[in-house]
DNA sequence: GTCTATATCTCGATAGAC
DNA sequence: GTCTATCGAGATATAGAC
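Chains as they are written, first to last, in this note's numbering: chain A, 155 to 347; chain B, 155 to 347.
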């Protein structure tokens with residue numbers, strides 16, 4: 155393993171922010187988990203916690219986008235792809251004791267009205283996800299406007315199901331929400347031919 | 155106005171937790187906004203921040219449930235009711251500068267893996283919401299199992315749309331998610347007759 | 001019940017040796 | 001680049017007068 159100190163700090167931050175949120179995670183906890191020193195953190199991120207937060211949001215957001223795109227590309231059709239995304243999320247949640255869901259959701263809610271630079275970072279990530287989903291649905295023959303609505307509906311249902319599933323500690327919400335989205339996509343496909 | 159000190163503390167906490175989250179809100183900020191003193195807070199809540207958090211989650215959760223039930227009851231049919239709930243949420247979000255969405259969502263994500271008593275409180279609130287929604291859909295003639303799935307889908311879509319709308323500062327996610335849920339309910343109704 | 005003062009701890013951030 | 005010591009501010013919580 156040849157991970158740099160900088161990478162370990164970003165990785166540890168992403169994991170902790172995802173589970174405990176931004177305000178709930180201290181810089182000392184981050185460097186401890188990253189097996190780094192506080193001086194190194196400020197060396198790589200002179201802007202402190204906020205700069206680190208921005209980079210973590212963008213990095214984790216892109217990684218998660220690729221993960222979901224992987225599920226969609228691997229599936230034989232988009233409806234199956236949607237079901238696979240929700241099933242995969244449920245599987246991860248179960249395996250991590252309902253800890254690892256969306257990497258930026260908790261942070262996004264925390265900073266939405268308290269930290270404008272971080273809020274913008276989360277908005278850009280969500281915007282990129284919506285565009286990615288829209289492209290996927292368009293490729294399946296769905297017309298532009300509806301493709302975008304379905305992409306937003308998919309992401310919203312997934313994020314909301316994460317909240318319910320993490321709080322209630324069962325995957326029923328992910329299953330119900332996934333089925334609702336899958337059927338909406340199915341309807342849109344059969345309507346377009 | 156004859157609000158008691160205790161009520162003002164609970165009300166101020168609810169507003170601040172909703173906007174800034176649990177870890178992001180200090181007890182001194184709460185008593186300042188409540189125009190109360192720290193001693194009063196510990197007089198009414200000897201269990202400190204955690205006891206206050208539990209009470210706020212349950213109180214705000216019940217209040218919000220009644221708000222949504224009000225929209226559903228006032229509507230001429232359930233599909234219109236669903237649309238009204240999302241439209242009402244969008245209106246509130248716009249009016250409050252995208253600050254006031256779900257009263258317990260941010261807290262629920264923060265505590266899901268860090269504070270078991272608070273996690274249980276959020277789980278109970280979500281459970282109560284799901285039961286309320288299930289009853290509403292059953293009254294419209296939808297069979298039990300599907301009514302529950304739709305209730306979960308509705309809450310998940312609403313919660314997820316809140317995340318997107320607050321981060322992106324526009325109500326498009328609430329509109330897209332609301333339409334997806336409304337059509338799912340419409341389909342379930344016409345299938346049952 | 002209300003209010004003030006304070007104890008103890010942890011936070012983010014900085015300085016400077018190496 | 002790494003590491004340690006420490007700063008000032010803010011956190012939760014407590015004690016005790018009134």
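Here a beta-carbon is modelled for each residue, glycine too, at the ideal position from N, C-alpha and C.
Source: prediction; values computed, not measured.
Residue 346 (chain B) has a beta carbon lying at 7 Å or more from every beta carbon in chain A. Counting C-beta pairs closer than 8 Å gives fewer than three between the stretch 242 to 258 of chain A and the stretch 167 to 183 of chain B, which falls short of the contact rule. Contact with chain A is absent for residue 193 (chain B), since none of that chain's Cβ atoms lies less than 7 Å from the residue's Cβ. The continuous alpha helix (DSSP H) containing residue 246 (chain B) extends over residues 232 to 249. A Cβ of chain B is located within less than 7 Å of the beta carbon of residue 174 (chain A). Neighbours of residue 317 (chain A) across chain B, judged by C-beta separation under 7 Å: 259, 262, 263 and 313. Under the three-state reduction of DSSP, residue 161 (chain B) is assigned to helix. Only those residues of the stretch 322 to 341 of chain B whose C-beta falls short of 9 Å from the nearest C-beta of chain A are listed: 322, 323, 326, 327, 328, 329, 330, 331, 333, 334, 335, 337, 338 and 341. For the stretch 288 to 307 of chain B, the residues whose beta carbon sits under 9 Å from a beta carbon of chain A are, in order, 302, 303, 304, 305, 306 and 307.
Under the Cβ criterion of 7 Å, residue 266 (chain B) is counted among the residues facing chain A. Closest by C-alpha distance to residue 283 (chain B), out of B:265, B:319, B:310 and B:270, is B:310.
For the options A:322, A:302 and A:304, the alpha carbon positioned closest to that of residue 306 (chain B) is the one of A:322.
Close to residue 252 (chain B), with beta-carbon spacing below 9 Å, are these residues of chain A in chain order: 266 and 267. Counting only unbroken stretches of 4 or more residues, the alpha helix (DSSP H) elements lying wholly within the stretch 175 to 233 of chain B are 181 to 187, 192 to 198 and 202 to 228, in sequence order. When 7 Å is used as the limit between beta carbons, residue 280 (chain A) is near these residues of chain B: 318, 321 and 322, in chain order. Each residue's CA atom was taken as its position, placing residue 278 (chain B) and residue 268 (chain A) some 28 Å apart. One alpha carbon belongs to residue 246 (chain A), the other to residue 218 (chain A), and they sit about 13 Å apart. With 16 or more neighbouring CB atoms inside 10 Å of its own CB, residue 184 (chain A) falls in the buried class. Going by DSSP, residue 271 (chain A) is part of the alpha helix (DSSP H) stretching over 270 to 293.
For residue 277 (chain B), the C-beta contacts it makes with chain A under 8 Å involve 321, 322 and 323, in order along the chain. For residue 310 (chain B), a Cβ of chain A is located within less than 7 Å of the residue's own Cβ.
The C-alpha of residue 297 (chain B) lies about 8 Å from the C-alpha of residue 346 (chain B). Interface annotation, residue 165 (chain A): not in contact with chain B, CB-CB separation never under 7 Å. Around residue 177 (chain A), the beta-carbon contacts reaching into chain B at under 7 Å are 175, 177 and 178.
In the DSSP assignment, residue 323 (chain A) falls outside any alpha helix (DSSP H), carrying neither H nor E.
Annotation for residue 255 (chain B): no alpha helix (DSSP H) segment contains it, and DSSP assigns it neither H nor E.
Around the CB of residue 208 (chain B), 16 or more other CB atoms lie within 10 Å, so the residue is classed as buried.
In chain order, 321 make up the part of chain B whose C-beta sits under 7 Å from the C-beta of residue 273 (chain A).
The stretch 323 to 337 of chain A makes no contact with the stretch 285 to 296 of chain A, as fewer than three CB pairs between them are under 8 Å. A distance of 7 Å or more separates the beta carbons of residue 318 (chain B) and residue 171 (chain A).
Of the other Cβ atoms in all chains shown, fewer than 16 fall within 10 Å of the Cβ of residue 192 (chain A); this residue is therefore exposed. Residue 267 (chain A) carries a coil assignment under DSSP once its states are collapsed to helix, strand and coil. When secondary structure is reduced to three states using DSSP, residue 341 (chain A) falls in the helix class.
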